[in-house]
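Each residue of the sequence shown is one higher than the one before, counting from 93 in this note's numbering.
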Amino acid sequence: RNLFTKALRVDRRCSAAWLQLGSMEASNENYEMAQKCFDTVLKFDKRNSRVLQAYAIMESKRPDGDDRKVIDLFERALAVKPRDGAVLQAYGLFVLNLGDVDGARQLLRRGTKVNRRHAPLWQAWGVLEMRYGTLEAARDIFQKGIWACAQAGGVQSGGNACARLWQAWGILEAKDGNYAESRRCFGRALDADRRNVAVITAWAQMERLIGNVQDARAVYERALQEFPANTPDRNILWTAYEAMEKNSGNTAASLSIYQRSMRETMVQPEHPPDEIETEFVDMVPPPPPPDNNKEEKEQKGKKGKKQKYQVMQWQAASSPRGTKIWYHNGAIEGKVPPSFMKSVKTQKPIQGQQPEL
Numbered sequence: 093r094n095l096f097t098k099a100l101r102v103d104r105r106c107s108a109a110w111l112q113l114g115s116m117e118a119s120n121e122n123y124e125m126a127q128k129c130f131d132t133v134l135k136f137d138k139r140n141s142r143v144l145q146a147y148a149i150m151e152s153k154r155p156d157g158d159d160r161k162v163i164d165l166f167e168r169a170l171a172v173k174p175r176d177g178a179v180l181q182a183y184g185l186f187v188l189n190l191g192d193v194d195g196a197r198q199l200l201r202r203g204t205k206v207n208r209r210h211a212p213l214w215q216a217w218g219v220l221e222m223r224y225g226t227l228e229a230a231r232d233i234f235q236k237g238i239w240a241c242a243q244a245g246g247v248q249s250g251g252n253a254c255a256r257l258w259q260a261w262g263i264l265e266a267k268d269g270n271y272a273e274s275r276r277c278f279g280r281a282l283d284a285d286r287r288n289v290a291v292i293t294a295w296a297q298m299e300r301l302i303g304n305v306q307d308a309r310a311v312y313e314r315a316l317q318e319f320p321a322n323t324p325d326r327n328i329l330w331t332a333y334e335a336m337e338k339n340s341g342n343t344a345a346s347l348s349i350y351q352r353s354m355r356e357t358m359v360q361p362e363h364p365p366d367e368i369e370t371e372f373v374d375m376v377p378p379p380p381p382p383d384n385n386k387e388e389k390e391q392k393g394k395k396g397k398k399q400k401y402q403v404m405q406w407q408a409a410s411s412p413r414g415t416k417i418w419y420h421n422g423a424i425e426g427k428v429p430p431s432f433m434k435s436v437k438t439q440k441p442i443q444g445q446q447p448e449l
């Protein structure tokens with residue numbers, strides 16, 4: 093709020109700042125303040141469809157909101173931008189909440205005709221048919237939406253825009269008892285967007301509800317590997333994973349997951365006791381004889397191809413020479429390059445110590 097206020101001091105007619113401030117106030121249920129923000133914009137920017145849409149959504153959420161006013165705001169937004177898929181989707185969902193299923197269906201169908209690549213429209217229409225129509229109609233809509241929204245040059249499943257459609261389709265099949273087909277849809281959704289948290293949690297929830305707790309765990313464990321530590325999406329997954337175990341009656345497992353997530357959030361020291369140097373090098377045959385001032389780190393693979401290795405070196409106070417560990421594809425390499433072994437063998441061990449490998 094303070095930053096938006098400062099921005100408006102610089103430019104009192106900044107529509108974007110007023111819109112964001114009003115949306116923030118609406119999300120915090122400060123409806124009177126949000127209304128003042130939206131009214132202020134519309135005094136000098138009457139044809140701003142984004143403001144009209146946000147105003148309508150805010151008014152629909154107010155306990156004392158005026159339905160006629162909401163409809164008027166949506167109509168004004170469509171008068172400005174008749175092909176705005178976001179406005180048509182929000183308008184259709186509002187009409188559906190009023191109980192007018194046919195009116196909502198017409199608005200969503202209209203939206204898919206004027207803006208065919210707007211995935212949320214297809215999703216909302218398919219979910220409407222899933223609840224108030226037939227499952228076959230919903231399947232047909234999800235399929236048409238995936239075809240319409242598939243990204244050119246994207247993955248086989250259509251890209252990020254199609255992930256929400258595959259997810260909704262997977263939920264439909266799960267409710268209809270087609271669990272194998274549901275898994276296929278969830279798998280396609282993750283193929284379209286492998287970091288889609290909604291898909292991950294929906295898949296795990298389905299497995300838990302049908303008694304496949306082990307499979308639900310596998311879904312979470314695979315998904316956690318896709319997210320960096322201490323990121324919001326990864327924290328959401330930890331919370332959902334913990335809740336899944338708790339709801340399944342596995343208190344010990346739930347506590348274990350909580351402890352794992354807490355260990356992740358612990359602040360790592362800026363400078364660990366032993367400094368670690370990490371570098372990636374190409375392995376190629378070393379030139380003989382070895383240069384003592386230049387470390388040889390290259391070796392050909394079995395088929396003559398270059399291989400990537402990771403060399404980690406601890407400069408420990410107890411050892412004048414750096415102790416080296418060789419990694420290959422994330423695993424400790426059991427056979428280190430012969431040139432390195434040769435250089436180690438030629439070094440004289442420190443008195444009282446064994447040669448370090």
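Quick reminder that beta carbons are idealized off the backbone N, C-alpha and C, glycines included.
| Query | Result |
| --- | --- |
| Can you tell me where the alpha helix (DSSP H) holding Ser353 begins and where it ends? | 343-357 |
| Quick check on the burial criterion: 16 or more other C-beta atoms within 10 angstroms. Buried or exposed for Leu347? | exposed |
| Decide if Val102 is buried, meaning its Cβ has at least 16 other Cβ atoms within 10 Å, or exposed. | exposed |
| In terms of alpha-carbon separation, which member of Ala242, Asp137, Asn327, Ile149 lies closest to Met116? | Ile149 |
| Please go through the same chain and pick out, in chain order, the residues whose beta-carbon is closer than 8 Å to the beta-carbon of Ile349, but skip the five residues on each side of it. | Trp330, Tyr333, Glu334, Glu337 |
| In this structure, does DSSP put Thr185 in helix, strand or coil? | The question names Thr, yet the displayed sequence has Leu at residue 185. Looking at Leu185 - three-state DSSP - the assignment turns out to be helix. |
| Between the beta-carbon of Leu200 and the beta-carbon of Trp217, is there less than 8 Å? | yes |
| What would DSSP say about Lys153, mapped onto helix, strand or coil? | helix |
| I need the DSSP call for Cys277, collapsed to helix, strand or coil. | helix |
| Which residues mark the beginning and the end of the alpha helix (DSSP H) in which Gly195 is found? | 193-206 |
| Which same chain residues, not among the five before or five after Gly195, have their C-beta less than 7 Å away from its C-beta? | Val187 |
| Taking the Cβ atom as the reference point for each residue, do Asp176 and Ala169 lie within a distance shorter than 8 Å? | yes |
| Using CA coordinates, which residue listed in Met125, Thr132, Ala118, Phe136 is at the minimum distance from Ala146? | Ala118 |
| Using only CA atoms, which one of Gln259, Glu265, Lys153 lies nearest to Thr293? | Gln259 |
| Would you report the Cα separation of Phe96 and Ser107, rounded to the nearest angstrom? | 11 Å |
| Assign Asp232 to one of two classes, buried (16 or more other C-beta atoms within 10 Å of its C-beta) or exposed (fewer than that). | exposed |
| According to DSSP, simplified to helix, strand and coil, what is Glu121? | coil |
| Taking all protein chains shown into account, decide if Arg104 is buried (16 or more other Cβ within 10 angstroms of its Cβ) or exposed. | exposed |
| Do you know whose CA, among Asn252, Ile302, Ala230, Arg355, lies nearest Ala321's CA? | Arg355 |
| Going by alpha carbons, who is nearest to Ala178 out of Asp164, Arg154, Trp214, Glu221? | Trp214 |
| Which of helix, strand or coil does DSSP assign to Ala211? | helix |
| Given a threshold of 16 other Cβ atoms within 10 Å of its Cβ, counted over all protein chains shown, does Pro361 qualify as buried or as exposed? | Bear in mind that the predicted position of Pro361 carries a pLDDT of just 44, short of 50, making it unreliable; the figure below should be weighed with that in mind. The residue in question, Pro361, is exposed, as its Cβ has fewer than 16 Cβ neighbours within 10 Å. |
| Hey, Phe278 and Leu257: beta-carbon distance below 8 Å or not? | no |
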